[in-house]
Amino acid sequence: MDLEAVSKRSAFHAKPQGLILQYGTAGFRTNAQHLDHIMFRMGLLAVLRSKQTRSTIGVMVTASHNPEEDNGVKLVDPLGEMLAPSWEEHATRLASAEEQDLPKVLAAIVEREAVDPQQTAFIVVGRDTRPSSEKLSQSVIDGVTVLGGQFHDYGLLTTPQLHYMVYCRNSEGRYGQATIEGYCQKLSRAFVELMKQASCSGDGSRWVKVDCANGIGALKLKEMEHYFRQGLSVLLFNDGTEGRLNHLCGADFVKSQQKPPQGMAMKPGDRCCSFDGDADRIVYYYCDAAGRFHLIDGDKIATLISSFLKELLLEIGENLNIGVVQTAYANGSSTRYLEEVMKVPVYCTKTGVKHLHHKAQEFDIGVYFEANGHGTALFSEAVEARIKRLAQELEDEKGRAARMLASFIDLFNQAAGDAISDMLVIEAILALKGLSVQQWDAIYADLPNRQLKVKVADRRVISTTDAERQAVTPPGLQEAINDLVKKYKLARAFVRPSGTEDVVRVYAEATSQVSWDQSTDRVGNQGTQGRSKHSVFGSHHGFPLTSVNTVL
Ligand code: G16
1 MDLEAVSKRS AFHAKPQGLI LQYGTAGFRT NAQHLDHIMF RMGLLAVLRS
51 KQTRSTIGVM VTASHNPEED NGVKLVDPLG EMLAPSWEEH ATRLASAEEQ
101 DLPKVLAAIV EREAVDPQQT AFIVVGRDTR PSSEKLSQSV IDGVTVLGGQ
151 FHDYGLLTTP QLHYMVYCRN SEGRYGQATI EGYCQKLSRA FVELMKQASC
201 SGDGSRWVKV DCANGIGALK LKEMEHYFRQ GLSVLLFNDG TEGRLNHLCG
251 ADFVKSQQKP PQGMAMKPGD RCCSFDGDAD RIVYYYCDAA GRFHLIDGDK
301 IATLISSFLK ELLLEIGENL NIGVVQTAYA NGSSTRYLEE VMKVPVYCTK
351 TGVKHLHHKA QEFDIGVYFE ANGHGTALFS EAVEARIKRL AQELEDEKGR
401 AARMLASFID LFNQAAGDAI SDMLVIEAIL ALKGLSVQQW DAIYADLPNR
451 QLKVKVADRR VISTTDAERQ AVTPPGLQEA INDLVKKYKL ARAFVRPSGT
501 EDVVRVYAEA TSQVSWDQST DRVGNQGTQG RSKHSVFGSH HGFPLTSVNT
551 VL
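Residue numbers (UniProt numbering): 1 to 552.
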């Protein structure tokens, strides 16, 4: 490894003195202007990780749900998963090193991780549609090549497509073909097969309206729709031809604002969904005859999927261990429904699909979804092999159920939450069960809830425990939240620093909107009240918080 060459090349991607960024919930994210050195260095790190694991590693240039002027980078591990936590620490150290220290930090990682410098390295790179993404992905490639790594640049991809490519390449084709064609064919074949089983929807008349957040999802759906048109037509909105990425549209906007995206033509009863900027999240919604908006978020998606998978297993006669994984944002009604009505064990992890994914791997079938619509279902290798064998062997109703489950196993992207794959899964389940979007929504009633973003001077002063449901610091914060929520029925609230934006997130739910309004405003609303006796953050930290109302 020629560290001198690295230093020379790094001068073209110089780190602004003193700039410290952390590998957060989903990689590095900030304004695109500050990311050139990060991209170059993540190219270097990807080479070391590839040499160490003797596998292909992925680098995705995207800031997903963040505004268009931001960008970011996510590293993808050999099985298509998010980067291992110990390597996140290396990433932060490498990103923070001043220019003169870069060779030293690289050498330390090589030693600590016993990287064989002679080992070959192969990196695959993808990027979203942001104006800054192409140049930044060239900086990644610059980092890869200066350390002698080989690479394949896929160009424009959704984030879950890149995860899929990495998984395929490292499974020697067992998971699928590592091409766009391979991805489209694998998913579409499974989907069309399932739709043939649906009594009323296999005639090609089914359609759904999709808000693509003006992002990569639109390009990829256009590329793919002819593969599955037999089973579903997609009517695209916010396809990037006019509006700005994620601006007043997309899954994050719809979920957090609890209203339809701009630019979507919605008629009462229309089944609509929104992707986020890199198409790894999806939420559904519709308007009723009175024009009222109804959101169907990740919690209801997880409920639909897990109850359907459970029904299939019952028909096949297989008693497998299914678990559902959520985060603190999961609506209390969803958790109660899953545990008490469906009798499915539910687990709560910290925010970030990397945490949910790992927990879900502990089950025969693990369904994980964040309320924001980020999730998928994982099937253990043994379960996949068994179901595929039963699909061949069994006959009649049992055989039909086993064949359907086998198709669902292929339809889920098991490397990462994937808006396109999830949409096809949901559409297939609704069609097979003959459920309307209203009937799906009526499974249980969400507790009124709201999420706020609050700007603070330094969000890192807030630390949490118990899967982020309890604040540890600053002192007094949790006690103040407890005092507020105990006044309302089934109320719950928490605060946590975001790992993708420079904000603190505040979440509250309660049995009625009035309760919610009172509890969320008090938990989140600091501003000039920072020094009042209701200050849940504590005045001694001097939080210059803006009022909740200005953030909403
Ligand atoms: C990323 C993560 C998600 C997480 C979201 C918000 O989503 O992949 O797991 O829920 O950020 O995280 P935070 O609240 O820490 O900002 P995406 O779609 O932006 O990649």
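Think of the CB as a built atom: it goes at the ideal place given N, C-alpha and C, for glycine as much as any other residue.
- Item | Cβ separation of Thr-511 and Leu-447, assumed to be a contact under 8 Å, to the nearest whole Å | Contact annotation, Thr-511 with Leu-447: C-beta distance approximately 6 Å; criterion of less than 8 Å satisfied.
- Using the beta-carbon count (16 or more within 10 Å), is Gly-494 buried or exposed? In the sequence on display, residue 494 carries Phe and not Gly. Buried, because 16 or more other Cβ atoms sit within 10 Å of the Cβ of Phe-494.
- What do you reckon, is the C-beta of residue 599 under 7 Å from a heavy atom of the ligand G16? Here the chain comprises residues numbered 1 to 552, so residue 599 is not present and cannot be evaluated.
- Task: Give me the Cα-Cα distance between Thr-528 and Pro-117, rounded to the nearest whole angstrom.
- Result: For Thr-528, the predicted model reports a pLDDT of 30, less than 50, meaning its position is unreliable; a value from the coordinates is still stated below. When rounded, the distance between both Cα atoms is 56 Å.
- Task: Let me know the beta strand (DSSP E) ranges lying completely inside the UniProt domain "Phosphoacetylglucosamine mutase AMG1" (297-434), each 3 residues or longer, listed in chain order.
- Result: Counting only runs of 3 or more, we get 322-327, 346-349, 365-369 and 375-379.
- Does the ligand G16 have even one heavy atom less than 7 Å from the beta-carbon of Asp-280? Correct: Asp-280 has its Cβ closer than 7 Å to the ligand G16.
- Task: Alpha carbon to alpha carbon, how far is Leu-304 from Ile-443? Give it in angstroms, no decimals.
- Result: The alpha-carbon of Ile-443 is positioned some 9 Å away from that of Leu-304.
- Query: So is Arg-459 buried or exposed if we call it buried at 16+ other beta carbons inside 10 Å?
  - Reply: Buried is the label assigned to Arg-459, since at least 16 other Cβ atoms lie within 10 Å of its Cβ.
- Task: Note down the Cα distance separating Ala-114 from Glu-68, rounded to an integer number of angstroms.
- Result: If I take the Cα positions, the gap works out to 39 Å.
- Item | Cα-Cα separation between Gly-245 and Met-264, rounded to whole angstroms | Gly is not the amino acid found at residue 245; the sequence shown has Leu there. Leu-245 and Met-264 have their alpha carbons spaced roughly 15 Å apart.
- Query: If you draw a straight line from the alpha carbon of Lys-222 to that of Val-367, how long is it in whole angstroms?
  - Reply: Their Cα atoms are separated by approximately 28 Å.
- Query: Can you find at least 3 beta carbon pairs, one from the segment 371-391 and one from the segment 245-255, that sit closer than 8 Å?
  - Reply: These segments touch.
- Message: Relative to the C-alpha of Asn-170, which candidate in Gly-80, Glu-340, Lys-209 and Glu-339 has its C-alpha closest?
- Response: Nearest Cα to Asn-170 within the set Gly-80, Glu-340, Lys-209 and Glu-339: Gly-80.
- Message: I need the DSSP call for His-294, collapsed to helix, strand or coil.
- Response: Strand, per DSSP.
- Query: For Phe-12, does the count of other Cβ atoms within 10 angstroms reach 16, so buried, or fall short, so exposed?
  - Reply: So Phe-12 ends up on the exposed side.
- Apart from the five residues on each side of it in sequence, which residues of its chain come closer than 8 Å, Cβ to Cβ, to Cys-184? The answer, listed in chain order, is Glu-223, Met-224 and Tyr-227.
- Query: Does the count of Cβ pairs from the segment 162-179 and the segment 98-108 closer than 8 Å reach three?
  - Reply: Between the segment 162-179 and the segment 98-108 there are fewer than three C-beta pairs closer than 8 Å, too few to call the two in contact.
- Under the three-state DSSP convention, the category Ile-38 falls into: In the three-state DSSP reduction, Ile-38 falls in the helix class (H, G or I).
- Pick out whichever of Arg-112, Arg-389 and Gly-417 has its Cα sitting closest to the Cα of Met-404. Distance check between Met-404 and each of Arg-112, Arg-389 and Gly-417 places Arg-389 closest, using alpha-carbon atoms only.
- Message: Need the endpoints of the alpha helix (DSSP H) that Thr-92 sits in, please.
- Response: Counting along the chain, the alpha helix (DSSP H) containing Thr-92 begins and ends at 85-96.
- Counting only runs that start and end within the segment 10-77, where is the beta strand (DSSP E) found for 3 or more residues in a row? The segment 10-77 contains these whole beta strand (DSSP E) runs: 28-31, 56-61 and 70-76.
- Which residue from Leu-219, Ala-14 and Leu-35 puts its Cα closest to that of Asp-128? The shortest C-alpha to C-alpha distance from Asp-128 to any of Leu-219, Ala-14 and Leu-35 is the one to Leu-219.
- Kindly indicate which three-state DSSP category Thr-465 falls into: helix, strand or coil? In this structure, Thr-465 counts as strand in the three-state DSSP scheme.
- Item | Residue interval of the alpha helix (DSSP H) (run including Gly-250) | For Gly-250, there is no enclosing alpha helix (DSSP H), as DSSP marks it with neither H nor E.
- Message: I'd like the list of long-range same chain contacts for Ser-139, defined as Cβ closer than 6 Å, with 5 residues on each side in sequence excluded.
- Response: By the criterion of a C-beta distance shorter than 6 Å, Ser-139 is surrounded in its chain by His-13, Asp-36, Met-39 and Phe-40, once the five residues flanking it on both sides are discounted.
- Is it the case that the Cβ atoms of Asn-449 and Tyr-488 are separated by a distance below 8 Å? Inclusion of Asn-449 and Tyr-488 in the CB contact set at 8 Å is not warranted, their separation being larger than that value.
- With DSSP collapsed to three states, give me the class of Ser-274. If DSSP states are grouped into helix, strand and coil, Ser-274 belongs with the strands.
- Query: Does the distance from the C-beta atom of Gln-22 to that of Thr-120 stay below 8 Å?
  - Reply: If you check the CB distance, Gln-22 and Thr-120 do not come in under 8 Å.
- Item | Cα-Cα separation between Asp-502 and Pro-16, rounded to whole angstroms | If you take the alpha carbons of Asp-502 and Pro-16, they lie about 19 Å apart.
- Item | Start-end ranges of the alpha helix (DSSP H) lying completely within the segment 211-266, minimum 4 residues | List check, alpha helix (DSSP H) in window: 216-228 and 251-257.
- Query: Using 8 Å as the Cβ pair cut-off and three pairs as the minimum, do the segment 292-302 and the segment 428-441 touch?
  - Reply: A contact exists between the segment 292-302 and the segment 428-441.
- Contact check, Leu-48 vs Ile-109 under 8 Å by CB: the rounded distance? Rounded to whole angstroms, the Cβ separation of Leu-48 and Ile-109 is 6 Å, and the two are in contact under 8 Å.
- Query: Should Gly-215 be listed as close to the ligand G16, given that the test is whether its C-beta is under 7 Å from any heavy atom?
  - Reply: No - the ligand G16 has no heavy atom lying nearer than 7 Å to the Cβ of Gly-215.
- So which of Thr-335, His-358, Ala-5 and Cys-168 has the shortest CA-CA distance to Thr-56? The residue from Thr-335, His-358, Ala-5 and Cys-168 with its alpha-carbon nearest to that of Thr-56 is Cys-168.
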